[in-house]
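If you want this note's numbering, it's the position in the sequence shown, counting the first as 1, plus 201.
Below you'll find the structure, written out as structure tokens, and then a few comments.
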Amino acid sequence: MEVKPITPTEAINARKDAIPPYVFQAFNELIVEKLSPSNAANIFQHEVLQRILKLCDDKNIAINANMILDRGWLNIEKIYHAEGWKVLYEAPSFDDNFKPHFKPYFHFSKK
């Protein structure tokens, strides 16, 4: 079997298939709850983690925040972009001097 380089579309689709549905459910619920009149929503990372953990707890799925982060399940920007959203993820990098209270967040807006 010949292996060819993956296309961007194939990569996005494969990534989408690797993320459990409850992750998308958490993001979707929070987008709806936080959508402003200008069709934008800011979702803090801790909020989506809490929502995912609650959904998993309700379904008796054993998972924790580290597992979600380690598996890259919050790397959803390109997936939502393909669905018509502009998604920015804001978080301090290792060399940034953000104040300690800065909380990473996702900004969703209509493309």
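C-beta atoms are modelled at their ideal positions from N, C-alpha and C, and glycine is treated no differently.
Since the model is a prediction, treat every value here as computed from it, not as a measurement.
Nearest-angstrom Cα separation, counted from residue j out to residue i
i      : j      : result
GLN226 : ILE207 : 27 Å
GLY285 : LYS312 : 6 Å
PHE245 : PHE307 : 6 Å
ALA219 : ILE213 : 10 Å
PRO238 : LEU231 : 15 Å
PHE228 : VAL249 : 6 Å
ILE313 : GLY273 : In the structure displayed, the chain extends from 202 to 312; residue 313 sits before or after that span and is not available.
ALA292 : MET202 : 41 Å
VAL233 : HIS247 : 17 Å
PHE309 : GLU278 : 9 Å
ASN276 : ILE269 : 10 Å
ASN265 : CYS257 : 9 Å
ALA215 : PRO209 : 10 Å
Backbone secondary structure at residue i - three-state DSSP
i      : result
HIS264 : For clarity, residue 264 is Ile in the given sequence; the question names His instead. ILE264 falls in the coil class under three-state DSSP.
PHE315 : With the chain covering only 202 through 312, there is no way to say anything about residue 315.
ASN229 : helix
LEU254 : helix
VAL224 : helix
LEU275 : coil
ASN243 : strand
VAL288 : strand
LYS217 : helix
LYS311 : strand
C-beta neighbour in chain D for residue i, strict 8 Å
i      : result
ALA241 : The structure shown contains no chain D, having only a single protein chain.
Supposed contact pair residue j and residue i - C-beta distance, whole angstroms, cut 8 Å
i      : j      : result
ILE253 : VAL288 : Actually they do not touch by this definition, with Cβ atoms about 17 Å apart.
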